[in-house]
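The next block holds one structure in the form of structure tokens; read it before the comments.
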Amino acid sequence: MSHAGTIDHHHDATTATGIPNKKLFMWAFLASDCMFFGALISTHLIYRLHPPPGSPSPRQIFSIELTSFSTFILLMSSLLMALAVNAIQKNYLTSTRHNLLGTIFFGLIFLGCQVYEFTHFVHEKGLTLSNSLFGSTFYTLTGTHGCHVAIGVLWLILTYIRSFKPAGADAGRPWLAGAFFHFFIFALTIVAGMATVLSGVHAHLAREPFREFISHNLLAVGTTIVGLAILTYLGRSRGAVEFGEANAIDVESMGLYWHFVDIVWIVIFTAVYLLEYL
Amino acid sequence: MDATTATPVVEANSAHSKFHTFVQIAMVLSVITGIEIVLVYLPFAKWLIVSALVVLSAVKFLFVIFYFMHLRWDKVFCTILFFIGLVLAIGTVAALLALFGSEASTPLTSQISHLGFFANV
Numbered sequence: 016m017s018h019a020g021t022i023d024h025h026h027d028a029t030t031a032t033g034i035p036n037k038k039l040f041m042w043a044f045l046a047s048d049c050m051f052f053g054a055l056i057s058t059h060l061i062y063r064l065h066p067p068p069g070s071p072s073p074r075q076i077f078s079i080e081l082t083s084f085s086t087f088i089l090l091m092s093s094l095l096m097a098l099a100v101n102a103i104q105k106n107y108l109t110s111t112r113h114n115l116l117g118t119i120f121f122g123l124i125f126l127g128c129q130v131y132e133f134t135h136f137v138h139e140k141g142l143t144l145s146n147s148l149f150g151s152t153f154y155t156l157t158g159t160h161g162c163h164v165a166i167g168v169l170w171l172i173l174t175y176i177r178s179f180k181p182a183g184a185d186a187g188r189p190w191l192a193g194a195f196f197h198f199f200i201f202a203l204t205i206v207a208g209m210a211t212v213l214s215g216v217h218a219h220l221a222r223e224p225f226r227e228f229i230s231h232n233l234l235a236v237g238t239t240i241v242g243l244a245i246l247t248y249l250g251r252s253r254g255a256v257e258f259g260e261a262n263a264i265d266v267e268s269m270g271l272y273w274h275f276v277d278i279v280w281i282v283i284f285t286a287v288y289l290l291e292y293l
Numbered sequence: 357m358d359a360t361t362a363t364p365v366v367e368a369n370s371a372h373s374k375f376h377t378f379v380q381i382a383m384v385l386s387v388i389t390g391i392e393i394v395l396v397y398l399p400f401a402k403w404l405i406v407s408a409l410v411v412l413s414a415v416k417f418l419f420v421i422f423y424f425m426h427l428r429w430d431k432v433f434c435t436i437l438f439f440i441g442l443v444l445a446i447g448t449v450a451a452l453l454a455l456f457g458s459e460a461s462t463p464l465t466s467q468i469s470h471l472g473f474f475a476n477v
């Protein structure tokens, strides 16, 4: 671990604006994304203010407990992301990796909650994308936000894998093949893990015995355990790597995107969920 | 303390303080979220609760962009750039709500909602 701290992470003398180009691009993109979400939020609110006859009652559909939990999880993921940026700016690679993994984990919990929420709304509350205007605007808005979270998780995973690229120019194809394998295992473990957790929740609600749950979901549970073991093995330190303080701007750009997803949810949580309870 | 030892100590203190700042902000954000959730069940006037929710959300929003997103430490141009998009977005939302809120623009299929906040706007 080195204590470089010699790079000015907030200014770049080589650009006309004094701001690193990647950061400038990200802020410009986020400014445009504000307008995108502004349009989706206003569409939802307009149709909530003027609902057509037969509109469902959101208060009887929403679960404030689940949504509050999701909000808390996303806030904590933002904290871990900020800590990851802080760590890489100090060239603390291990700490950066741990915080990135934590952010990925919390992002996946948020997505899992959203998958559970949507499944619950469709199958038990009868709210689909096309059977009411409320359903259309609600799923479009929260689904678009969920897509942003999913893209953020993908970006986090790719950055995490990239942090293992060995130092030196001879990394080449062997490393690329290894990185693909690492990503494949990540994706497989996430899908299997989510299937296991969601099946576990349904089994718990249906009061299914643990042994029956395991026997019904043997493939998903087994894949999750094996996948986690392989990821632990692949996540060990393997000597000098290319990734370091010079890549802080990459992590920071990703962090900006992740925090933006969080602030959009802050607005959605209030405008779409909490106002329904008044 | 000589110059060679002063720099690492200052850096370590800076890293330490930033870490604590982030953790403290996350705790504040969690508490505000908790207050928001409790607030909707309190028997106060709706306009008061709605105003409080808007203010609390804005506080959370500003904390995240200025601390977690480093706007506080970055060049002011980043703030201006982001706020151009943000102001346009807020203006669009306000304009659309005002436009559809006027009597002449009410959709023909609309009915008066009897559900909470949206019934009295």
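Just so you know, the sequences run in chain order A and B. Residues in the first sequence are numbered from 16 upward in steps of one, following the numbering used here. Residues in the second sequence are numbered from 357 upward in steps of one, following the numbering used here. Positions of the beta carbon are idealized from the N, C-alpha and C atoms, including for glycine.
Margin query: Rounded to the nearest angstrom, what separates M209/A and V241/A at their Cα positions?
Written below: Their Cα atoms are separated by approximately 14 Å.
Notebook entry, point to check: Should L409/B and T134/A be called a contact, given that it needs their Cβ atoms to be closer than 8 Å?
Noted result: no
Check: If you drop the 5 nearest sequence neighbours on each side, which residues of the same chain put their C-beta closer than 8 Å to that of V100/A?
Finding: A263, V266, E267 and G270
Margin query: Using the three-state DSSP reduction, which class does P181/A fall into: helix, strand or coil?
Written below: P181/A falls in the strand class under three-state DSSP.
Checklist line | Boundaries of the alpha helix (DSSP H) in which G117/A is found, first to last residue | finding: Judged by DSSP secondary structure, G117/A falls within the alpha helix (DSSP H) whose first and last residues are L108 to H138.
Item checked: Any chain A beta carbon closer than 8 Å to S413/B -> It does: the Cβ of S413/B has a partner Cβ on chain A nearer than 8 Å.
Checklist line | S178/A, buried or exposed, once every other Cβ within 10 Å from all chains shown has been counted against 16 | finding: buried
Margin query: Just to confirm my understanding: we take K140/A, look at its own chain, exclude 5 residues before and 5 after, and list those with CB closer than 8 Å. What are they?
Written below: Taken in chain order, the residues that qualify are P71, Q75 and I76.
Item checked: Limits of the alpha helix (DSSP H) - the one that H197/A falls within -> G187 to L220
Next item on the list: Can you tell me the Cβ-Cβ gap for Y62/A and L156/A, rounded? I've got them flagged as a contact below 8 Å.
Entry: That pair is no contact at about 11 Å.
Checklist line | For P224/A and V396/B, the rounded distance between their alpha carbons | finding: One C-alpha to the other measures close to 38 Å.
Note to self: Just verifying my parser: in three-state terms, what is the DSSP assignment at V164/A?
What the structure shows: helix
Notebook entry, point to check: Near V282/A, what residues of its chain come up, given a Cβ to Cβ distance below 7 Å and the 5 sequence neighbours on each side ignored?
Noted result: I56
Margin query: In this structure, how does DSSP classify V256/A when only helix, strand and coil are distinguished?
Written below: strand
Check: Alpha carbon to alpha carbon, how far is G158/A from G127/A?
Finding: 13 Å
Margin query: Output needed for A31/A: all residues of its chain with C-beta closer than 8 Å, excluding positions within five of it in sequence on either side, in chain order.
Written below: So no residue of the chain qualifies.
Notebook entry, point to check: If we ignore side chains and look at the alpha-carbon of each, how far apart do L116/A and E257/A end up?
Noted result: Straight through space, the alpha carbons of E257/A and L116/A are spaced by roughly 19 Å.
Check: If you drop the 5 nearest sequence neighbours on each side, which residues of the same chain put their C-beta closer than 7 Å to that of L455/B?
Finding: Excluding sequence neighbours, L455/B sits near S461.
Notebook entry, point to check: Which value, in whole angstroms, describes the spacing of the CA atoms of D358/B and L442/B?
Noted result: Note on D358/B: pLDDT 42, under 50, position unreliable in the model; the coordinate value appears next. Cα to Cα, D358/B sits roughly 47 Å from L442/B.
Checklist line | Pairwise C-alpha distance: K180/A and W273/A | finding: 23 Å
Notebook entry, point to check: Below 8 Å between beta carbons: does that hold for I405/B and L293/A?
Noted result: yes
Next item on the list: Return the chain-ordered list of same chain residues with a C-beta closer than 8 Å to the C-beta of A54/A, the five sequence neighbours on each side being excluded.
Entry: none
Next item on the list: Using a cut-off of 8 Å between C-beta atoms, extract the partners of M8/A located in chain B.
Entry: The structure shown has nothing for residue 8/A, since chain A only spans 16 to 293.
Next item on the list: May I ask which residues mark the beginning and end of the alpha helix (DSSP H) holding P73/A?
Entry: P73 to I76
Check: Does DSSP put I240/A in a helix, a strand or coil?
Finding: helix
Note to self: Just verifying my parser: in three-state terms, what is the DSSP assignment at Y397/B?
What the structure shows: coil
Margin query: Please state the DSSP three-state secondary structure of W403/B.
Written below: helix
Next item on the list: Output the distance between the C-alpha atoms of F275/A and H113/A, rounded to the nearest integer angstrom.
Entry: 21 Å
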